[in-house]
Every structure is written in C-alpha cells, then in structure tokens.
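First the structure, in the form of structure tokens, and then the observations on it.
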Amino acid sequence: MAKEKFYITTPIYYPSDKLHIGHSYCTVATDTMARYKRLRGYDVMFLTGTDEHGQKIERIANGQGMTPKEYTDKIVVGIKELWKTLCISYDKFIRTTDDYHIKIVQKIFKQLYDQGDIYKSSYEGWYCTPCESFFTEHQLVDGKCPDCGRDVELLKEESYFFRLSKYQDRIIQYMEENPEFLQPNTRQNEMINNFLKPGLEDLAVSRTSFKWGVPVEFDPGHIVYVWVDALSNYITALGYGTDDDSLFQKYWPADVHVVGKEIVRFHAIIWPAMLMALNLPLPKKIFGHGWLVINGGKMSKSVGNVVDPNVLVNKYGVDAIRYFLLREIAFGQDGNFSNEALIQRINSDLANDLGNLVSRTVGMIEKYFGGTLPAEHAATDFDEELKAVALSTTEKVETAMEKMFFSDALIEIWNLVRRTNKYIDETQPWILCKDESKQAELANALYHVAESIRIISVLIEPFMPNTPEKIRKQFFIENGEATSWDSTKTWGILPVTLKVQKGETLFPRIDMKKELEELEAAIKASQATSIANQQKAAQEQKAEEPETPAEITIDDFCKVQLKVGEVLESKEVEGSKKLLRNVIKIGDEERVIFSGIKDAYAPGALVGKRVVVAYNLKPRKMMGEMSYGMILCAEDGDGKLSILTTDDPTFRSGSDIS
Ligand code: MSP
Numbered sequence: 109m110a111k112e113k114f115y116i117t118t119p120i121y122y123p124s125d126k127l128h129i130g131h132s133y134c135t136v137a138t139d140t141m142a143r144y145k146r147l148r149g150y151d152v153m154f155l156t157g158t159d160e161h162g163q164k165i166e167r168i169a170n171g172q173g174m175t176p177k178e179y180t181d182k183i184v185v186g187i188k189e190l191w192k193t194l195c196i197s198y199d200k201f202i203r204t205t206d207d208y209h210i211k212i213v214q215k216i217f218k219q220l221y222d223q224g225d226i227y228k229s230s231y232e233g234w235y236c237t238p239c240e241s242f243f244t245e246h247q248l249v250d251g252k253c254p255d256c257g258r259d260v261e262l263l264k265e266e267s268y269f270f271r272l273s274k275y276q277d278r279i280i281q282y283m284e285e286n287p288e289f290l291q292p293n294t295r296q297n298e299m300i301n302n303f304l305k306p307g308l309e310d311l312a313v314s315r316t317s318f319k320w321g322v323p324v325e326f327d328p329g330h331i332v333y334v335w336v337d338a339l340s341n342y343i344t345a346l347g348y349g350t351d352d353d354s355l356f357q358k359y360w361p362a363d364v365h366v367v368g369k370e371i372v373r374f375h376a377i378i379w380p381a382m383l384m385a386l387n388l389p390l391p392k393k394i395f396g397h398g399w400l401v402i403n404g405g406k407m408s409k410s411v412g413n414v415v416d417p418n419v420l421v422n423k424y425g426v427d428a429i430r431y432f433l434l435r436e437i438a439f440g441q442d443g444n445f446s447n448e449a450l451i452q453r454i455n456s457d458l459a460n461d462l463g464n465l466v467s468r469t470v471g472m473i474e475k476y477f478g479g480t481l482p483a484e485h486a487a488t489d490f491d492e493e494l495k496a497v498a499l500s501t502t503e504k505v506e507t508a509m510e511k512m513f514f515s516d517a518l519i520e521i522w523n524l525v526r527r528t529n530k531y532i533d534e535t536q537p538w539i540l541c542k543d544e545s546k547q548a549e550l551a552n553a554l555y556h557v558a559e560s561i562r563i564i565s566v567l568i569e570p571f572m573p574n575t576p577e578k579i580r581k582q583f584f585i586e587n588g589e590a591t592s593w594d595s596t597k598t599w600g601i602l603p604v605t606l607k608v609q610k611g612e613t614l615f616p617r618i619d620m621k622k623e624l625e626e627l628e629a630a631i632k633a634s635q636a637t638s639i640a641n642q643q644k645a646a647q648e649q650k651a652e653e654p655e656t657p658a659e660i661t662i663d664d665f666c667k668v669q670l671k672v673g674e675v676l677e678s679k680e681v682e683g684s685k686k687l688l689r690n691v692i693k694i695g696d697e698e699r700v701i702f703s704g705i706k707d708a709y710a711p712g713a714l715v716g717k718r719v720v721v722a723y724n725l726k727p728r729k730m731m732g733e734m735s736y737g738m739i740l741c742a743e744d745g746d747g748k749l750s751i752l753t754t755d756d757p758t759f760r761s762g763s764d765i766s
C-alpha cells in the first residue's frame, strides 16, 4: 500500500549572517515533526530554504560591496551548515534565486494579470523595509512600523495591485468552516477580527524603485513584491507549473506551514488569496508559533541580544539544545530563553532523569550479571504498573504530536522516564542482589527497566536524533523490529538474555555556577562579534552612500516654494512622542503643519516665532489629520534640531524666500 504523504515547511529565511537560536527554534520544531511523521511511516516532504530578494538584501549587499547574489551565495553556505549542526533533515532546500522558481513566479504573476486578479495603478503609502511590508498612515504607530517599531519610508510609485479585497469573504468563510486551518485557535480570531473583518485593501505587488527581485516579464521596470515571490516557494519547490509537476501532484496541499506569529498574516491571508486566485487547494494547516524572548523582548539581531546556536551546541550537544527548545516553551506561545533554565533542564531532565536511568541500568546488569541477563525471570509486584504506564505513553505522545504540542509530548515521555526510575527504587535491585533466591526477580526487574528504556529511545527519536543510537548501542538493540514506532506499543521485544555494554555518559552533569559564567562569556563574545560585524557593515554602507545628494538644477530647486510663516499655536499630539501640531500664519492663510520637533521645542515654545515653511509640499495625513507643508529645520550630527528662521524676527509672514 502506498504510504500516506506529509508535506511540511518552514518559512524561508532571509539570508542573515547570523541566524540565531530563535530562527533555529522554528526549524528544529519543524524537523521534529518531519522526523516524527517519517517514524510513523509517512512519505514526508520537508521543505526549507532562503528568501533572497528584496530591498533589504540589496542594501546589505551594497553595503558590503557585493552583488546581492554574491552576498546571498556566501550566507546560504553558513545557513546550510547551521542546519547540519542542528540535524535538520530537510528533503529540499529552495532558494528564491533558483531559476526554476523565478520562472514560475513570473508565470504566476502573468496568469493573475491576464485573468484580471492583478491590475496596474499607483501606490502611495508607507513601507517598512526590514519587514518588507506596506502600511497605511493609520496603521503606523507613532509614525513607525507597527510590527517592528522601526522607521518607515514614504513610497509613491507605479505599482501592480493584487485584488486581495475580492477574496476577503471567501477567506473568512474558509476559516470559519475549517477551525483547524490556523493554529493555535487564538490566531484565527486575531486574523478575522483585526484584519479580515475591518476589510482588506488590494495589495501592491510590484516595486519599481530598486532592482533586486523577480522581474515582471511583461513590464521589466517592475519587480515582483518579495512576499508574493517568497510565498510561491511552497509550490514552485514542488515543480508547480513546470512540465514535471509530479511532486506537486503528490504533495500539495501542504499538511502544515510552520511559521512565526509575526508572519501568520501573510500566510493566512495573502497566501490563501493567491491560491484561490490560482484555483489551487489551500494548505491544510498553518501553525503560528510564538517567539523566543530574552527578558521579555524578541531576540533579534538589531537589538544585539541574539544567542548563537553554535555556541550552545558546541558546549552541550545538539540533542540537549533541541530538547530544551521544545520542552521549555509551549509551541504557540512566547517563551523566555535563559542560560539558567537551559542548564537546569540539562541537569535535571537529561543528566539526572534520562542519563542516570540508562547508566545505572547498564551498570547494574554489568555488576550483578556480568553484562548478560540470565534466562530465568520471575515477576515482581511492581511490573504491571510500569508496563501499563509504558504502553499508554505512546498514545498520549501521538495525541500531543498531532497538535504539534511538542512540550506536552515530552512531558509524557518524561513521565515514563521518571516512572521507570521509580520502579528501580521500588524493586531495589541492590537488595535483591544480596539474596540468592531473588536472582530471577532481579533479572526480571532489570529486564523491565531495559524494555522501558527501549520504548523511551524510540519515543525521543524525533526530538533527539543522536541519543537513541547511543542508548541502543549499550543494550545491543539493532535498528528494526525493536525500534519501530509500533514497537513502543508492545512489551517484551528485547531478548530475555539481554546483553549490555557501558557506553559514553549521555549528558554529563553541569556545575551551574561555573558554567553560567563561562556560557555568559561565550555568548557575550559571539554577540560582540555580531555587533562589530553589523557596525562594520553599516560603516561600509555609509561609505558607499554619496556624501552629498546628487546635484539639481536651479529649475529643480525653484519647484520648491518656501515661505515665511508665523507660529500661532504649537501643541502636543495625543499618542505621539515626537510630533507637535502647529498652526502657522502664512500671509492671510492659516495652516496646520505637523512637525517632529518635540524633542527640541516644548509645546508653545515656538509661538510668535518666524519659521520657514516648504509651502507647496503635497498635503499628507498625519495622526488622522491633514498636514499642509513642512517646517524646515537644521539637524546636527547627533539628531538635534533647530528651526530655520529670518534674521529680522518681525519679518512679514507670507513672504517668499528667494
Ligand atoms: N523571509 C520571511 C519568511 C518568508 S516565508 C514565505 C521571514 N524570514 S525571517 O528570517 O525573518 O524569519 C524566519 C522565521 O524565523 C519566522 O518564522 C520568524 O518568526 C522566526 N523567528 C525569528 N526570530 C525568532 C524568535 N526570536 N523566536 C522564534 N522565532 C523567530 O520572515
């Protein structure tokens, strides 16, 4: 019988020189799910890759004196190495710079244009380059990106638009009819109430102000919006739209897209709308996991608080790190990363509970029976309870894994680990060994522990790719019948005359105090290198930028109409830290002009002063009200502002500046 398929994806990562433990979290979780499904006999396709286009990458590469492709080629090598270190068992790695991907993105764009789902217009609004996201004025928070809090840029360019609004009702209906589609459930309510119900606007899906992207084939000045390019990866990777689309036929729709919570919006709204427009089935599930945070804030390169997974893996091994990430944080919620919590988990769950269970069991079989159990076993009073716990664990793990509740699955497995340790305490082999007549009971007790360890070694396999092998070697367990998933539901698979041989310590205990100092120093050193690299890149980027803007002609300059104005009012703006709302008298006219000068001028301080106003600037909405023009200021190198004024403080308002 053909195996059932399972298609799972991670987001494709922006090529950054430092993917941190937060990025690794997402990939490790996805890998664990992929390994679990393989172990359960599914035909798994696990896709990951890199999202290499867009203005952000173009700017970074320029800053480093490279072409964007040279830059991403270099970074991708490091990303693949990191995934190897973390034992990420992806089946395919897609790069959005791959030819086959580019071709199909162009084809998708053309198809949507031909069928009227994409149309040409012009875009005016705000853009956050780090998030590669468009925002309307009222979506900004304090004039900044609502997602990352960084500066946004005002864009005004000719653009193609995707009719996102057309799909709004269908997406709402789909979500309501398929409550499993977006997980955890709270994310679905968030999408419906915050984005879908208030109404979707058509989405600008092409850019003209830079070059690094997939060119729109029929209008080469335009490149495809990076999110449309990126989301398509989930189908282009399977050969969608090509002569050989057998993988697409086999694996699509995806069983689950695993994504971080801040990009759920793109996956739960834009992606379904694109698929609806292409007449393709939607993914079965989108799981929006939470963030790894440090002291309450998101771990991020720009904050400088990132933890390098290589440092942790070098110190404690990949299995310990994978275990920690998935056990410590409930998938779907944010979770704090701390060095103490990591060491604590390694010491208690891994060294004490699991490591100790294995080493004392092997040690006792060696000590009491020279490494091989005798054939004669006799039951103890405690056997049935251990067996019952062991044989009921798998089902609980399966239930948790189907929901991607990794932490719950590990809790169930560790209940069995602890129950097995308790069984040793109950049967007291160190007492039985002293009594000749109890040798069969002793053999039976150690056999029970070994069987339980065998089951545990299978259940932890998706989470910890290396530990099961290390355990099995010590019990001479061959891969096969005794290590299949279903074998965890059967008791008594190991031979009664079980042999053992002591192996390496699975998880050495860590001296918390000493290690914390060392670990903090190692993390700080890697953060310092990362910050130094960023500063170097920023300096190089600055060096690339021309010192003075390009020259303009007098005709260009004369297009700007400057006038003298008198400040009548200068008041605070509710909800804004920087803005003042000024009323300026210019001749007979009174204008409202918002100005980001509150750091330099207290409310009211400018009243009565003459200011220079850029008079014919296109009005724009700020904080819900139109602003007509701009007050000119000088800015020193530290960002301090000082208004431009006339030498004669009584100069008539409305005068032209020439
Ligand atoms: N390129 C887009 C995804 C396009 S998918 C069609 C992108 N890339 S990213 O590199 O910025 O982020 C990749 C993933 O890493 C996201 O799911 C994001 O949530 C995750 N994480 C980045 N920092 C994280 C934490 N601190 N904690 C948990 N996950 C985090 O977004």
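Here the sequence shown stands for residues 109 to 766, numbered as in my numbering.
Here a beta-carbon is modelled for each residue, glycine too, at the ideal position from N, C-alpha and C.
Please read these numbers as outputs of a predicted model, since none were measured by experiment.
From the options, residue whose alpha carbon lies closest to that of residue i
| i | options | result |
| --- | --- | --- |
| residue 520 | 531, 530, 478 and 507 | 507 |
| residue 229 | 387, 330, 577 and 288 | 330 |
| residue 347 | 609, 762, 169 and 202 | 202 |
| residue 436 | 451, 123 and 529 | 451 |
| residue 124 | 188, 422, 315 and 695 | 188 |
| residue 594 | 565, 606 and 578 | 565 |
| residue 702 | 511, 685 and 293 | 685 |
| residue 325 | 217, 138 and 289 | 217 |
| residue 153 | 163, 141 and 164 | 141 |
| residue 731 | 246, 532 and 260 | 246 |
As assigned by DSSP and simplified to three states, the class of residue i
| i | result |
| --- | --- |
| residue 534 | helix |
| residue 751 | strand |
| residue 130 | helix |
| residue 422 | helix |
| residue 312 | strand |
| residue 515 | helix |
| residue 258 | coil |
| residue 650 | Confidence at residue 650 is low in this model, with a pLDDT of 48, below 50, so its placement is unreliable and the value that follows should be read with caution. Correct three-state label for residue 650: helix. |
| residue 283 | helix |
| residue 184 | helix |
| residue 444 | strand |
| residue 365 | strand |
Contact test: residue i Cβ vs ligand 1 heavy atom, cutoff 6 angstroms
| i | result |
| --- | --- |
| residue 338 | yes |
| residue 131 | yes |
| residue 227 | no |
| residue 539 | no |
| residue 368 | yes |
| residue 631 | no |
| residue 371 | yes |
| residue 433 | no |
| residue 399 | yes |
| residue 119 | yes |
| residue 122 | yes |
Separation of residue j from residue i, as counted between CA atoms
| i | j | result |
| --- | --- | --- |
| residue 345 | residue 336 | 14 angstroms |
| residue 499 | residue 599 | 7 angstroms |
| residue 338 | residue 589 | 42 angstroms |
| residue 433 | residue 724 | 56 angstroms |
| residue 611 | residue 462 | 14 angstroms |
| residue 504 | residue 468 | 27 angstroms |
| residue 754 | residue 256 | 40 angstroms |
| residue 534 | residue 568 | 25 angstroms |
| residue 530 | residue 620 | 26 angstroms |
| residue 749 | residue 389 | 55 angstroms |
| residue 473 | residue 284 | 58 angstroms |
| residue 710 | residue 212 | 56 angstroms |
| residue 109 | residue 253 | 52 angstroms |
| residue 158 | residue 184 | 7 angstroms |
| residue 420 | residue 191 | 14 angstroms |
Terminal residues of the alpha helix (DSSP H) in which residue i lies
| i | result |
| --- | --- |
| residue 471 | 464 to 477 |
| residue 665 | 662 to 666 |
| residue 360 | Element bounds for residue 360: n/a, residue is neither H nor E. |
| residue 248 | Here residue 248 belongs to no alpha helix (DSSP H), and DSSP marks it neither H nor E. |
| residue 691 | From DSSP, residue 691 is part of no alpha helix (DSSP H) but of the beta strand (DSSP E) over 688 to 694. |
| residue 209 | 207 to 222 |
Start and end residues, beta strand (DSSP E) containing residue i
| i | result |
| --- | --- |
| residue 742 | 741 to 743 |
| residue 234 | 226 to 236 |
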